[in-house]
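Sequential numbering of the sequence shown, starting at 70, is according to our numbering. Worksheet: one structure, shown below.
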Amino acid sequence: MADGVFLWRPVNLMLRSAAPQGERTLKGIPASAGIAIGRAFVLSIDSPSVSHERIEPASIPHEVTRFKSALESVAGELVHAIDLARQESTNVSTIIESFLLIVGDPVISGNIVGRIETGTPAETAVMQEFDHHQNMLYNARDSFLRDRAQDFDHVKERLVAILRNQTLSHAAARNSIVVSGSITPQDMLFFKQTRALGFITEIGGINSHACIMARDMGIPAVIGIRNATSDIVNNITIIVDGYAGVVIVDPSDATLREYTAKQEQAEDYRRRLGKLIQEPAVTIDGATVCLMANVDTPKQVDAAVMVGADGFGLVRTEYMLVERGRYPSHEEQVEWYTDIADRAFPKTVTFRAFDVGSDKFREGIPHHEDNPALGLRGIRFLLYRPDIFEQQACAVLKASVHRNVRFMLPMVCVIEEFEQAKHLIQHCMQKLDADGFEYDASMPVGVMIETPAAALLADVFAKAADFLSIGTNDLAQYTLATDRTNELVADIFDALHPSVLKLIRMTVDAARTYEKPVSLCGELAGHAAATELLIGFGLTELSVSTSVLLELKQRIRSVSKEDCLEVVRKALACTTTSEVYAVLAHGR
Numbered sequence: 070m071a072d073g074v075f076l077w078r079p080v081n082l083m084l085r086s087a088a089p090q091g092e093r094t095l096k097g098i099p100a101s102a103g104i105a106i107g108r109a110f111v112l113s114i115d116s117p118s119v120s121h122e123r124i125e126p127a128s129i130p131h132e133v134t135r136f137k138s139a140l141e142s143v144a145g146e147l148v149h150a151i152d153l154a155r156q157e158s159t160n161v162s163t164i165i166e167s168f169l170l171i172v173g174d175p176v177i178s179g180n181i182v183g184r185i186e187t188g189t190p191a192e193t194a195v196m197q198e199f200d201h202h203q204n205m206l207y208n209a210r211d212s213f214l215r216d217r218a219q220d221f222d223h224v225k226e227r228l229v230a231i232l233r234n235q236t237l238s239h240a241a242a243r244n245s246i247v248v249s250g251s252i253t254p255q256d257m258l259f260f261k262q263t264r265a266l267g268f269i270t271e272i273g274g275i276n277s278h279a280c281i282m283a284r285d286m287g288i289p290a291v292i293g294i295r296n297a298t299s300d301i302v303n304n305i306t307i308i309v310d311g312y313a314g315v316v317i318v319d320p321s322d323a324t325l326r327e328y329t330a331k332q333e334q335a336e337d338y339r340r341r342l343g344k345l346i347q348e349p350a351v352t353i354d355g356a357t358v359c360l361m362a363n364v365d366t367p368k369q370v371d372a373a374v375m376v377g378a379d380g381f382g383l384v385r386t387e388y389m390l391v392e393r394g395r396y397p398s399h400e401e402q403v404e405w406y407t408d409i410a411d412r413a414f415p416k417t418v419t420f421r422a423f424d425v426g427s428d429k430f431r432e433g434i435p436h437h438e439d440n441p442a443l444g445l446r447g448i449r450f451l452l453y454r455p456d457i458f459e460q461q462a463c464a465v466l467k468a469s470v471h472r473n474v475r476f477m478l479p480m481v482c483v484i485e486e487f488e489q490a491k492h493l494i495q496h497c498m499q500k501l502d503a504d505g506f507e508y509d510a511s512m513p514v515g516v517m518i519e520t521p522a523a524a525l526l527a528d529v530f531a532k533a534a535d536f537l538s539i540g541t542n543d544l545a546q547y548t549l550a551t552d553r554t555n556e557l558v559a560d561i562f563d564a565l566h567p568s569v570l571k572l573i574r575m576t577v578d579a580a581r582t583y584e585k586p587v588s589l590c591g592e593l594a595g596h597a598a599a600t601e602l603l604i605g606f607g608l609t610e611l612s613v614s615t616s617v618l619l620e621l622k623q624r625i626r627s628v629s630k631e632d633c634l635e636v637v638r639k640a641l642a643c644t645t646t647s648e649v650y651a652v653l654a655h656g657r
């Protein structure tokens, strides 16, 4: 199979030669940090249209054969892509494996064959069947399900492309920035193989596969730029700023020099960061910060240890559900948790209980929810399904035998939820005692502060729980009544809004009053502008993705606690997010 000769959707490369309009800045959502400078490689999508033609009965066997051949071809390409993806990361290969599940679904393929047997051409049968499934997902209120509708769209378009003998060489995008309506995981993988510099998409949403994969592959990307494929001319010079979420089209010479310098500084900065691995995260005046990592898999633990993580502030156990497409058995969970705890030992590991519902894994939720973000999610679901919660709690306890494990409860809003959860965990301990299992009887049980309700009752939770952890992504979403996956209100969602900052401060103060550990594990922990603010609040534990851990350590080592306290004083006096940013910029 030739390198890069794959078409994952019907594509028409339109080489537009519109007159230059001068430098323009397009605002989107930052998907993957970094700066890319290069020519635009614009993919203008030709969406396949449904034909109303009928085929003769004698042609039906041939059409069925054509469809099955196309199905086998797509499956073969996906298997090949998965082999390549495993060299990138577990996330990348798992995402592509989900496409293989769609291709191999016997119900979908059986329905398509049934449509063909009624006289429908293969291409039309494919489009009708996939459109049926897509429409159900597009109409879902759950943003996670809406994002998965794109998966069906990509598989449909790939099947139609093969049936129509359409091809595209990904090598044509070598040393370019790919601009498209959306990009399949396979596309991204093969574009990286041919050295694409960056990605821009029209479709946005932090749950999108494009967003996840761009970060995993370390390629600068901006998503959610409406009309990007029509506003950006093929071969024109563009800049992707994955830090700020902007794209600069036809930059001036001065702008090019500015961003080229930034790019060189970033590369030099990354090289110098490696020297920090053995250094402590201590401010200029001696305030120590415990820097922990957020991880999803056992293998990610090794990478975090290699760059000097002090522990693990968030292990997203629901990754097991996404990976398997089901709730794992008790034995599978014990093995998974123990593997992570053993790899991390003696560093502390914080397992978050299954955070199911809303934009995450939803199996087991009994019915459709009109507003899943305000429905049965997190601890509410776990208490609704005590069988699932008990199985997980017992498994985490078994993995705690070396006394380096903490258990964290998601989306707790009222103290009764915590008390019920603690009662169930104590019941699990009694069962393990009766069965003769060893475990840490003093395993800390903590609460995630992710809603205004929890923050306002932080003193109550700090008194009852062993530790608190602030999840700023959801805290900002619920405080600002803003769907953080919706690009239409992306400009409103910001964890640095004064209201969110006051809730964070309230939570930290409550934890300190009761002398309980408090950490922050949301995206804000790694935000370049927020370091002084968080230190000034009194946070001594921050948990971030491994990729930004050393950069955060560098920032901590460059500030003083005294100056951070002054930044907090000024920030808490602000009434708008822009005012906060101005304070932070001045403070730096």
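C-beta atoms are modelled at their ideal positions from N, C-alpha and C, and glycine is treated no differently.
What is the residue span of the alpha helix (DSSP H) that residue i lies within?
i	result
R339	322 to 342
G145	129 to 154
S178	175 to 186
Y453	448 to 453
L493	484 to 504
D300	297 to 300
Y508	No alpha helix (DSSP H) contains Y508, which DSSP labels as neither H nor E.
L525	521 to 525
Y388	388 to 393
D32	Nothing about residue 32 can be reported from this structure: the residues present for the chain run from 70 to 657 only.
A640	630 to 640
Pull the bridge partners of residue i from the DSSP assignment, please.
i	result
F666	Because the chain is modelled from 70 through 657, residue 666 falls outside the range shown and cannot be assessed.
N363	L383, S614
P99	V291
V111	V248
R93	V318
T270	S249
M477	R421, G515
V351	T357
Mapping the DSSP letters down to three states, classify residue i as helix, strand or coil.
i	result
Q255	helix
F704	This structure gives no information on residue 704, because the portion of the chain shown stretches from 70 to 657.
R472	coil
A241	helix
L443	helix
A372	helix
D578	helix
D310	strand
R78	A caution first: R78 carries a pLDDT of 37, below 50, which makes its placement in the model unreliable, though a value can still be read off. It is coil, neither helix nor strand.
G73	With a pLDDT of only 34 at G73, under the threshold of 50, the placement of this residue in the model should not be trusted; the figure read from the coordinates follows. G73 falls in the coil class under three-state DSSP.
V418	strand
A410	helix
A88	Note on A88: pLDDT 44, under 50, position unreliable in the model; no value is reported.
L646	Residue identity differs from the one stated: residue 646 is Thr in this sequence, not Leu. Residue state, collapsed to three classes: helix.
F536	strand
I106	strand
M83	Only weak support exists for where M83 lies, its pLDDT of 39 falling under 50; the coordinates are left without a value.
Q235	coil
N204	helix
E584	coil
P126	helix
T163	helix
R264	coil
I171	helix
Grab the span of the beta strand (DSSP E) containing residue i for me, first residue to last.
i	result
T548	Looking at the DSSP string, T548 is not in any beta strand (DSSP E); the run it does join, the alpha helix (DSSP H), is 541 to 548.
V516	514 to 518
L589	587 to 589
Taking only heavy atoms of the ligand GTP into account, decide whether any of them is closer than 7 angstroms to the Cβ of residue i.
i	result
T551	In terms of ligand content, the structure shown is empty, and the ligand GTP therefore cannot be addressed.
Open item on the list: With three or more beta-carbon pairs closer than 8 angstroms as the criterion, would you say the region 486 to 494 touches the region 535 to 550?
Closed with: no
TODO: State whether the region 337 to 350 contacts the region 296 to 313, with contact taken as three or more CB pairs (one from each stretch) at a distance under 8 angstroms.
DONE: no
Open item on the list: If contact is defined by three or more beta carbon pairs under 8 angstroms, each pair taking one atom from either stretch, is the region 223 to 230 in contact with the region 240 to 250?
Closed with: no
Open item on the list: Below 8 angstroms, how does it come out for the region 123 to 132 and the region 179 to 199: are there three or more Cβ pairs, yes or no?
Closed with: Yes, since at least three Cβ pairs between the region 123 to 132 and the region 179 to 199 fall closer than 8 angstroms, the two stretches touch.
Open item on the list: Could you check whether the region 647 to 655 touches the region 367 to 381, counting it as contact only if at least three pairs of C-beta atoms, one from each stretch, sit closer than 8 angstroms?
Closed with: no
Open item on the list: Across the region 602 to 616 and the region 323 to 331, are there enough close Cβ pairs to call them in contact, namely three or more that are closer than 8 angstroms?
Closed with: no
- [ ] Would you check if there are 3 or more beta carbon pairs closer than 8 angstroms linking the region 461 to 478 to the region 512 to 532?
- [x] yes
Open item on the list: Quick test of the definition: if touching needs 3 or more C-beta pairs under 8 angstroms, does the region 198 to 207 touch the region 258 to 265?
Closed with: no
Task: the region 622 to 631 touching the region 540 to 554, judged by at least three CB pairs closer than 8 angstroms - done: no
TODO: Spell out a yes or no on whether the region 281 to 293 and the region 91 to 105 are touching, meaning 3 or more CB-CB pairs, one atom from each, closer than 8 angstroms.
DONE: yes
TODO: Determine, using beta-carbon pairs with one atom in the region 586 to 604 and one in the region 630 to 644, whether at least three such pairs fall under 8 angstroms.
DONE: yes
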